[in-house]
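In the working numbering, the protein residues as written are 95 to 226.
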């Protein structure tokens, strides 16, 4: 009788271990432990973090390059404006020099006019001045 009981218990144990409702592939899938699942989750999170870091790094480099291009073009514009400012200063200096020359020439012409008017006044005093 004990042999039959042992046989029944062994048979029940085998039946419970081999549940016909669960296919063989799912039994293999159930062999993953919590440690395996945590490791897989950490791997996925790590991959996402590395991907995000790379994307942010690429974005920062592109923003830096765009700002560098803008800065370079702004430097070119500022350099051109500086050159134009120097040209304007040279023109202003030249115009001031010409204005000073014209003022001096105007003073000379005013003196000559005054001398001619004085000479004409002397001549007009002597109406009977014989002309040659």
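Just so you know, even glycine gets a beta-carbon here, dropped at the ideal spot from N, CA and C.
Self-check item: Distance, residue 137 Cα to residue 147 Cα
Solution: Cα-Cα distance, rounded: 15 Å.
Exercise. Check whether the Cβ of residue 205 sits closer than 7 Å to any heavy atom of the ligand PLP, and report yes or no.
Key: Summarising the ligand content, the structure contains no ligands, and the ligand PLP is consequently not present.
Exercise. Put residue 221 into one of helix, strand or coil per three-state DSSP.
Key: coil
Quiz item: residue 220 to residue 213, Cα distance in whole Å?
Solution: 11 Å
Quiz item: DSSP three-state call for residue 213: helix, strand or coil?
Solution: helix
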